[in-house]
Amino acid sequence: MSNYNKDRENQMNPHYTNLFELVEYLKDKQTAIKHLEELRWKGNCACPHYGSTKTCALKSGKYKCGDKDCDEQFTAKVGTIFESSKVPLKKWFIGMYLLTSHKKGVSSLQLARDL
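Count along the sequence shown starting at 1, add 1, and that's the number in the numbering used here.
Okay, here's the thing in structure tokens:
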């Protein structure tokens, strides 16, 4: 693996280096959501409706856009493939890990069996 790929891999998943560590890291729903927030926003939460970085966290786990023209509530899932999915984020992350960690890929049938 080239240095570029190693550096990129460390940026993408700083908390785990193999499937067992990923499963252990994503121990609950809240950790999976925080991981998605970290990957998506990199510490700078932004409203997916308006693009504003003026946001505040609500007790419900949602965020609220602080821009006077928007005022929408949202989560990190809004505007992503995860938004309307009933599949838990943990399964999504495990599936993506399996797809990207095999040189020849994984068939959809094999992925379904594994998950």
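Glycine included, every Cβ here is placed at the ideal spot set by N, Cα and C.
Secondary structure of Tyr51 (DSSP, three-state): coil. Scanning the region 19–67 for uninterrupted alpha helix (DSSP H) segments of 4 residues or longer gives 20–26, 30–42, listed from N- to C-terminal end. Close CB contacts of Phe75 within its chain, under the 6 Å cut and outside five residues either way in sequence, are with Pro49, Tyr64 (chain order). DSSP, read as helix, strand or coil, puts Phe83 in coil. Taking every protein chain shown into account, the CB of Lys105 has fewer than 16 other CB atoms within 10 angstroms, so this residue is exposed. For Leu112, the enclosing alpha helix (DSSP H) has its first and last residue at 109–115. For the 7 Å CB-CB criterion, Gly96 and Leu116 form a contact. Apart from the 5 residues on each side of it in sequence, Trp42 sits with its Cβ closer than 8 Å to the Cβ of Ala77 in its chain, given in chain order.
By the beta-carbon neighbour count (other beta carbons within 10 angstroms, threshold 16), Leu27 is buried.
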